[in-house]
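Here the structure comes first, spelled out in structure tokens, and everything after it is commentary.
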Amino acid sequence: EKLTVAQLIRTGSERYVRQHQDGAATPHVQNVLAKLNVCRTQTLGGRWYQCDACQEITKIYNSCGDRHCPGCSGAKRHAWSERAETLLLPGVQYYQVVFTLPQILSEMALANRPEMADPLLGKLSTKHSARSRAMIQRQ
Numbered sequence: 006e007k008l009t010v011a012q013l014i015r016t017g018s019e020r021y022v023r024q025h026q027d028g029a030a031t032p033h034v035q036n037v038l039a040k041l042n043v044c045r046t047q048t049l050g051g052r053w054y055q056c057d058a059c060q061e062i063t064k065i066y067n068s069c070g071d072r073h074c075p076g077c078s079g080a081k082r083h084a085w086s087e088r089a090e091t092l093l094l095p096g097v098q099y100y101q102v103v104f105t106l107p108q109i110l111s112e113m114a115l116a117n118r119p120e121m122a123d124p125l126l127g128k129l130s131t132k133h134s135a136r137s138r139a140m141i142q143r144q
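Structure follows, in structure tokens:
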């Protein structure tokens with residue numbers, strides 16, 4: 006059987022938190038790890054599905070929905086990537102810009118993406134600034 010990220014998290018997150026209580030294992034990190042630990046398990050409940058063709062019954066467990074979860078966010082990332090591709094101009098080289106903000110600003114930026122886009126992106130041309138705002142609003 007193939008090893009998954011979820012299995013690695015379930016196996017090592019408790020030890021990681023114990024070893025990094027003084028720094029990297031912040032309450033936020035612990036919260037995320039706790040969610041990822043129970044993602045698609047009996048803890049979150051689930052639903053039964055029955056195949057119309059063969060009548061086989063399968064239980065599908067609920068997901069955590071956390072944006073850091075590779076299982077929950079994989080499809081979202083793929084969909085975002087496809088939407089972003091439609092905005093690309095042929096022959097133009099693009100760069101991804103990542104901002105690291107203090108927590109209070111990060112929370113404000115996540116809650117107010119369109120309003121935060123211009124101050125963070127700065128002096129982009131009007132055309133590109135409008136495209137950036139459109140992309141941020143769709144996320």
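Start counting the sequence shown at 6; every next residue gets the next number (the working numbering).
C-beta atoms are modelled at their ideal positions from N, C-alpha and C, and glycine is treated no differently.
Bear in mind that the values here come from a model prediction, so they are computed numbers and not experimental data.
(request) Report yes if the C-beta distance between G51 and K64 is below 9 angstroms; otherwise report no. (result) The sequence position of residue 51 within the sequence shown is 46, counting from 1. The sequence position of residue 64 within the sequence shown is 59, counting from 1. With contacts defined as CB atoms closer than 9 angstroms, G51 and K64 qualify as a contacting pair.
(request) Any chance you could list the alpha helix (DSSP H) runs of at least 4 consecutive residues sitting entirely within the segment 21-90, in chain order? (result) Taken in chain order, the unbroken stretches of alpha helix (DSSP H) that lie wholly in the segment 21-90 and span 4 residues or more are 32-43 and 75-90.
(request) Taking A11 and L41 to be in contact with their CB atoms under 8 angstroms, please state how far apart those CB atoms are, rounded to whole angstroms. (result) Walking along the sequence shown from the start, residue 11 turns up at place 6. Walking along the sequence shown from the start, residue 41 turns up at place 36. With a contact defined as Cβ atoms closer than 8 angstroms, A11 and L41 qualify at about 7 angstroms.
(message) Given this structure, state the Cα-to-Cα distance separating I109 from T91, to the nearest angstrom.
(response) Counted from its first residue, the sequence shown places residue 109 at position 104. Counted from its first residue, the sequence shown places residue 91 at position 86. Each residue's alpha carbon lies about 32 angstroms from the other.
(request) Reducing DSSP to helix, strand and coil, say where T16 ends up. (result) Locating residue 16 in the sequence shown gives position 11, where the first residue counts as 1. Helix at T16.
(request) For my contact list, C44 and S68 are in at a C-beta cut-off of 8 angstroms; report their separation, rounded to the angstrom. (result) The residue you call residue 44 lines up with position 39 of the sequence shown. The residue you call residue 68 lines up with position 63 of the sequence shown. About 5 angstroms separates the two Cβ atoms, so the contact holds.
(request) Taking the CB atoms as reference points, tell me whether Y66 and T46 lie closer together than 9 angstroms. (result) The count along the sequence shown starts at 1 and reaches residue 66 at position 61. The count along the sequence shown starts at 1 and reaches residue 46 at position 41. Taking 9 angstroms as the cut-off, the Cβ atoms of Y66 and T46 count as close.
(request) Using 10 angstroms around the beta-carbon of C56, count the other beta-carbons present and answer buried if the total reaches 16, otherwise exposed. (result) Your numbering for residue 56 matches position 51 in the sequence shown. In the assembly as shown, C56 is an exposed residue. Its beta-carbon has fewer than 16 other beta-carbons within 10 Å.
(message) If I follow the unbroken alpha helix (DSSP H) through L125, where does it start and stop?
(response) As a first step, residue 125 is located in the sequence shown; it is residue number 120 there, counting from the start. Unbroken alpha helix (DSSP H) run through L125: R118 to L126.
(request) Please classify T14: is it buried, with 16 or more other beta-carbons within 10 angstroms of its beta-carbon, or exposed? (result) The count along the sequence shown starts at 1 and reaches residue 14 at position 9. Inspection of the sequence shows that residue 14 is occupied by Ile rather than by Thr. With 16 or more other Cβ atoms from the protein chains shown falling within 10 Å of its own Cβ, I14 counts as buried.
(request) Confirm, please, whether the CB-CB distance from F104 to A114 is below 9 angstroms. (result) One-based indexing of the sequence shown puts residue 114 at position 109. One-based indexing of the sequence shown puts residue 104 at position 99. For the pair A114 and F104, the CB atoms are nearer than the 9 angstroms cut-off.
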